[in-house]
Amino acid sequence: MSISIESTATDYGGVTLVTALVRNDDEADRRVRVTNELNGVVRPPTRDGVAVEGWDAEGFEGVVRGRGTLALGYACGGAPADDPCRVAWTERTESDRRGSATVADALRDLDDPRPPAASGPSEVPEESVPPAVAAWLDGVADRVSEGTASEADRRALESLDEHLRTLAGGA
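Next up, the structure:
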């Protein structure tokens with residue numbers, strides 16, 4: 001057969017990550033269908049929430065160029081197995097077999113619908129802490145200075161500190 005596949009499946013905390021390398025030893029481009037063999041739903045790679053072109057609930061369909069390779073990867077809820085996916089079928093490609101476009105195809109072609117950041121307000125409001133948060137912090141500060149802060153206050157402040165550090169790291 002001119003098409004071969006090598007694949008692995010690795011469990012990461014209940015989610016199986018599958019990687020596959022599809023090889024085409026033929027000179028001609030080949031259309032292939034790679035199907036999932038695990039007991040679980042295929043979770044294909046996505047871009048902006050839409051499955052990347054060629055993926056569906058059962059696997060992948062696409063073209064492997066002549067004498068080329070195609071790398072694939074997806075997640076699945078099923079337990080790992082020795083052969084997590086297989087080439088279900090293969091055929092020579094025609095010059096253009098795209099056929100009719102789907103909604104997912106149209107979504108992939110659209111740009112990001114969000115307005116550019118520069119189109120929004122550039123001023124930072126003077127009052128950057130909401131009044132309710134400021135009042136809560138003032139109350140905790142009073143309890144700390146009076147020596148009446150509770151264990152719940154300590155846990156809340158630790159949680160807030162963790163969230164602030166996470167946000168500061170992502171800014």
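With full-length UniProt numbering, letter number 93 in the sequence shown gets 93, and the count goes up by one each step, no holes. Ideal Cβ positions, reconstructed from N, Cα and C, are used throughout, including at glycine.
Asked, Found
"Could you give the C-beta distance for V15 and G77, rounded to a whole number, given that I count them as a contact under 8 Å?", "7 Å"
"CB-CB under 7 Å to V42, same chain, minus the five flanking residues each way: which ones, in chain order?", "N36, A57, E58, G59, Y74, C76"
"For the region 5–24 against the region 60–71, are there 3 or more C-beta pairs whose distance is under 8 Å?", "yes"
"Does R23 come out as helix, strand or coil in the three-state DSSP assignment?", "strand"
"State the DSSP-derived secondary structure class of L70, mapped to helix, strand or coil.", "strand"
"For S145, which three-state DSSP category applies?", "helix"
"Could you pull out every residue in the same chain whose Cβ sits closer than 6 Å to the Cβ of E94, ignoring the five residues on either side in sequence?", "none"
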